[in-house]
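Just so you know, the sequences run in chain order A and B.
Everything in the first sequence is counted per the working numbering, starting at 32 for the first residue and increasing by one.
Everything in the second sequence is counted per the working numbering, starting at 1017 for the first residue and increasing by one.
Every residue, glycine too, gets a C-beta built ideally from N, C-alpha and C.
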Amino acid sequence: MKPLKLLALIIIPMGIILAAVPADKTRHFRLTADELLQEAGAGVQFISPDVVADMLVQKDPLLQLIDVRTPEEFEAFSLPGAINIPLSNLLAEEYVDLLNQDTRTNIFYSNGSVFANQAWMITRQLGYENNFVLEGGLNYWFSNVLSATEPAQTSPNEEFARYDFRKSAAAALGGGSIVSTEGAAPATAAKKPPVASKAKKKAAGGC
Amino acid sequence: MGPLAPYEIISENTNFLLAFFIGIGFGFVLESSGFSSSRKLAGIFYGYDTVVLKVFFTGAITCMLGLLLMSLFGWIDLDLVYVNPTYLTSAIVGGVIMGAGFIMGGFCPGTSFCGAAIGKIDAIVFIGGLFIGVYGFAFTYGLWEKLFMDRYLGEPKVSESLGLSDGLFGLMLILAAIGMFYVAEWAEKKWPRPEY
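Following this line, the structure appears as structure tokens:
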């Protein structure tokens, strides 16, 4: 009888402790800092603008562009088919299903890549998959994809191939008809000319 | 931090080495609890000896408490711990066969090896039957495959299907086990069998 009482005295309090604490109390994040640092260092989150442009031209149904800038900026201009999730609202209940899923390819973008990267880091730490960042952000998108500059005659063939692709992608994407959000559509068309003029001095900025 | 092998903190071979030592420990506990005696084992079905119930339930509860506490401290990721998938039909059929064999033979697979290790002839015969069953099943697998794979439920947990938290279900299980232990000790006094 004695050992049974001892056993009961030890394990019942432990059971009460376990029943009283929330299950995942100590684990807010799915990834450790080390793992996250490794992923961020390797740059696995980046998707190159050419890939995104190609998906847009092909009308890839699995592509989901997510604009993490403010709603005002989103109104002024957005990529075709993009939705707006301002960074400050990223953790809102209504977006969880959108961000935590395993079918679509979510691509965050902002003007540069800082805010998009922050969005990626937060979602990645929560253990969400399939979220990526548009490499270089909208600025790079404008200067290199939508207004590609002809490479020098001595450039390797790949440069020309990329140039041709970007030209045709820009033609396909710049038409303005692809944009589904009506509010943004005219803005896209309006924004285009200044970009084209900016392209002249952009020659030095190529990677 | 854990589980150790899936996180590759220890290699596959180290994992086997640890399993080897844990296996020896398991065998030691079985033997020292008297599990190599088929009369003692069969006692659970007649009420004169309930050591089987006590040892295995204590083992299960200790393991459960350890895992839940380690998960609470962030030492182990329970999502990565292997859970046997549930095939309901084969679990029921297999449970009935196993139970019938347990009553008739007086051993379960683990304790039969325990008994064989100390030279019990009935345990050795039991192991012979065990291998006949294993090979018989393997060579006629095609006949059973449909039954074997029937009613696949994934990896359900009792706590999940009851809608309780793991900790609360754990507490209930502990209370149930302690209650059963008291009933078991009462049964041992009620149907005593001095010599076996």
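Residues of chain B with a Cβ closer than 7 Å to the Cβ of ALA39 of chain A are, in chain order, ILE1194.
GLY1149 of chain B is not a Cβ neighbour of LEU1084 of chain B, given a cutoff of 9 Å.
Inter-residue distance for TYR1064 of chain B and ILE41 of chain A is about 27 Å (C-alpha atoms, whole angstroms).
The bridge partners DSSP lists for PHE163 of chain A are A:ILE138. The beta carbons of TYR1023 of chain B and ASP1095 of chain B sit no closer together than 9 Å.
Rounded to the nearest whole angstrom, the C-alpha separation of THR185 of chain A and ASP195 of chain A is 16 Å. Rounded to whole angstroms, the separation of the alpha carbons of ILE1113 of chain B and PHE1089 of chain B is 40 Å. Residue-level contact by beta carbon holds for ASP1182 of chain B and chain A, with a gap shorter than 9 Å. Distance between ARG197 of chain A and TYR140 of chain A, taken at the CA atoms: about 19 Å. The beta carbon of SER1052 of chain B sits closer than 8 Å to the beta carbons of LEU1046, THR1127, CYS1130, GLY1131, ALA1133, ILE1134, LYS1136 and ALA1139 from its chain, once the five residues preceding and following it are set aside; these are given in chain order.
When DSSP states are grouped into helix, strand and coil, THR1102 of chain B belongs to the strand group.
The segment 1150-1162 of chain B makes no contact with the segment 1019-1038 of chain B: fewer than 3 CB pairs, one atom from each, lie closer than 8 Å. DSSP places LEU157 of chain A outside any beta strand (DSSP E), giving it a letter other than H or E.
A residue is called buried when at least 16 other Cβ atoms come within 10 angstroms of its Cβ; ILE1077 of chain B meets this threshold and is buried. For the options B:LEU1189, B:GLU1204, B:GLY1115 and B:GLU1201, the alpha carbon positioned closest to that of GLY1075 of chain B is the one of B:LEU1189. A Cβ-Cβ distance of about 33 Å is found for the pair ARG1055 of chain B and THR1105 of chain B, leaving them out of contact under the 8 Å criterion.
Taking 7 Å as the upper bound on Cβ-Cβ separation, chain A lies near residues SER1181, ASP1182, GLY1183, LEU1184, GLY1186, LEU1187 and ILE1190 of the segment 1163-1190 of chain B.
For ALA1116 of chain B, the closest alpha carbon among the candidates B:ALA1058, B:LYS1173, B:THR1066 and B:TRP1091 is that of B:ALA1058.
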